[in-house]
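Novice: Reminder that position 89 of the sequence shown reads as 79 in this note's numbering, one-by-one numbering, no gaps.
By construction, the Cβ of each residue, glycine as well, lies at the ideal position given by its N, Cα and C atoms.
Quantities reported herein were computed from a predicted structural model and do not represent experimental measurements.
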Amino acid sequence: MADHKIFAMAFAKVYPMYVQKAERKNRTKEEVDRIICWLTGYDKAGLQKQIDQGNDFATFFAQAPAIHPNISLIKGGVCGVRVEEIQDPLMQKIRYLDKLIDELAKGKAMEKILRQ
-9 MADHKIFAMA FAKVYPMYVQ KAERKNRTKE EVDRIICWLT GYDKAGLQKQ
41 IDQGNDFATF FAQAPAIHPN ISLIKGGVCG VRVEEIQDPL MQKIRYLDKL
91 IDELAKGKAM EKILRQ
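1. Determine whether the beta carbon atoms of T30 and A48 lie at a separation below 9 Å.
2. Quick check on the DSSP output: the alpha helix (DSSP H) that includes D23 runs from which residue to which?
3. Can A99 and D46 be called in contact, C-beta distance under 9 Å?
4. What is the C-beta distance between A12 and L94, in whole angstroms, given that I count them as a contact (C-beta under 8 Å)?
5. Could you check the C-alpha separation between G97 and D23 for me, to the nearest Å?
6. Out of D92, I25, L87, which one is the CA nearest neighbour of Q106?
7. Is the beta carbon of K83 less than 9 Å from the beta carbon of I103?
8. Which term fits Q40, buried or exposed, when burial requires 16 or more other beta carbons within 10 angstroms of its beta carbon?
9. Within a Cβ cutoff of 7 Å, which residues of the same chain sit near Y86, ignoring the five residues on either side of it in sequence?
10. In chain order, what residues of the same chain have a beta carbon less than 8 Å from the beta carbon of K15, not counting five sequence neighbours either side?
11. In angstroms with no decimal places, state the Cα-to-Cα distance between M(-9) and F50.
12. Does the distance from the CB of D88 to the CB of H(-6) come in under 9 Å?
This is the structure we're talking about:
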């Protein structure tokens, strides 16, 4: 596994940026939480525990109860890279999350974001 800086970055440091990005586009923290919980299988208490513990992204995803089975339906580009083509599994999960938050900020309907 490649050693990317983001793997060791605390999820709790990035989480407020996800919320800010959504709120700037008139979306809510609750919608961000719903997306994160859908993707990872955390419930609200589990998500808050990860934030409170300051776990890094590697730990955050390693301890995720259940990555959603529809994750493979997430397609498109983030930072100039197509998420479905990322080889490193952890980096791919991080970019999937980035992609979903981008879709929220762009005004996409929650049902489409959650691939329902």
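Specialist: On the basis of the data shown:
1. no
2. Following the DSSP letters along the chain, one finds D23 inside the alpha helix (DSSP H) bounded by residues 19 to 30.
3. no
4. 5 Å
5. 16 Å
6. I25
7. no
8. Of the other Cβ atoms in all chains shown, 16 or more fall within 10 Å of the Cβ of Q40; this residue is therefore buried.
9. L29, I61, I64, V73
10. L94, A95, K96, G97
11. Low per-residue confidence applies at M(-9): pLDDT is 46, beneath 50, and the placement is therefore not dependable enough to give any value.
12. no
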